[in-house]
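Quick note, my numbering runs 12 ahead of the 1-based positions in the sequence shown. The block underneath contains the structure these notes are about, expressed in structure tokens.
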Amino acid sequence: MKNVIKILTISILASVFVSCTSTNEEDYFEDPVCDSALVDRDTIVVYYDDLTYIFSGICQQCHSPELTYRQGIIMDSYENVVSSINTGKVLPAIMHEGSYKMPNNLPKLSDCEIQKIDVWIERGMPENK
Ligand code: HEC
Numbered sequence: 013m014k015n016v017i018k019i020l021t022i023s024i025l026a027s028v029f030v031s032c033t034s035t036n037e038e039d040y041f042e043d044p045v046c047d048s049a050l051v052d053r054d055t056i057v058v059y060y061d062d063l064t065y066i067f068s069g070i071c072q073q074c075h076s077p078e079l080t081y082r083q084g085i086i087m088d089s090y091e092n093v094v095s096s097i098n099t100g101k102v103l104p105a106i107m108h109e110g111s112y113k114m115p116n117n118l119p120k121l122s123d124c125e126i127q128k129i130d131v132w133i134e135r136g137m138p139e140n141k
């Protein structure tokens with residue numbers, strides 16, 4: 013009887029371990045930049061290209077040049093993203109620390125994505141590889 017419990021415990025622990033590691037691998041293959049940024053933010057390099065899926069794909073639908081009433085936050089091109097970020101309002105908004113929580117009424121960006129943007133700003137917002 014003792015052995016049965018032992019084997020059960022080991023197999024439960026083993027399956028928990030396997031399911032955890034496989035989730036990490038999935039994340040890694042989905043977004044290697046993001047994954048290494050979380051591991052070591054001192055060596056990671058992020059370029060504008062790595063972030064366009066966020067700025068153009070998510071933010072631009074409400075922050076396009078036509079929507080001039082959005083407090084000057086325009087997310088359609090490299091130049092406009094840089095000047096929007098230079099207002100100092102973007103990081104607090106995506107970290108949900110300011111009066112506005114962005115993206116508005118949509119799920120918060122992942123910790124990885126926020127960290128990527130943070131690292132990119134810290135390195136002077138490089139455009140190209
Ligand atoms: C569904 C629409 C929508 C999306 C998507 C969206 N925003 Fe906004 N954003 C708004 C609205 C509405 C405001 C309020 C300001 C206004 O309209 O005058 C705003 C305001 C802001 C502000 C100004 C905050 C301040 O303190 O003045 C920033 C910065 C901002 N958004 C950044 C972003 C970023 C970065 C993204 C993408 C991650 C994003 N937004 C996505 C609708 C949106």
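Every residue, glycine too, gets a C-beta built ideally from N, C-alpha and C.
Does ligand 1 have even one heavy atom less than 7 Å from the beta-carbon of residue i?
i      : result
Leu63  : no
Lys128 : no
Tyr90  : no
Pro115 : yes
Ile85  : yes
His108 : no
Ser76  : no
Ile133 : no
Lys120 : no
Ile56  : no
Val102 : yes
Cys124 : no
Might you give, ordered along the chain, the residues of its own chain that have their beta carbon closer than 7 Å to the beta carbon of residue i, omitting 5 neighbours on each side?
i      : result
Asp130 : Leu103
Gln83  : none
His108 : Lys120
Leu63  : Lys128, Ile129, Trp132
Val93  : Phe67, Met87
Which residue wins for smallest C-alpha separation from residue i, given the options the options?
i      : options                        : result
Ile66  : Cys124, Gly136, Asn140         : Cys124
Thr55  : Glu139, Asn140, Arg135, Lys141 : Arg135
Ser89  : Tyr60, Tyr112, Asn116          : Tyr60
Ala105 : Lys113, Thr80, Glu91           : Lys113
Cys71  : Glu78, Lys141, Pro115          : Pro115
Gly69  : Ser111, Leu118, Lys141         : Leu118
Which residues in the same chain as residue i place their Cβ atom closer than 6 Å to its Cβ, once the five residues preceding and following it in sequence are excluded?
i     : result
Cys32 : Because the pLDDT of Cys32 is 43, which lies under 50, any placement of that residue in the model is unreliable, and the question is left without a value.
Counting along the chain, where does the alpha helix (DSSP H) carrying residue i start and finish?
i      : result
Ile85  : Unbroken run through Ile85: none, as it is neither H nor E.
Lys128 : 123-134
Pro104 : 102-106
Ile66  : 60-66
Cβ atoms of residue j and residue i: under 8 Å apart, would you say?
i     : j      : result
Ile85 : Lys101 : yes
Among the residues of its own chain, which have a CB less than 8 Å from the CB of residue i, if the five just before and after it don't count?
i     : result
Ser96 : His75, Gly84, Ile85, Ile86, Met87, Val102
Val57 : Arg135, Pro138
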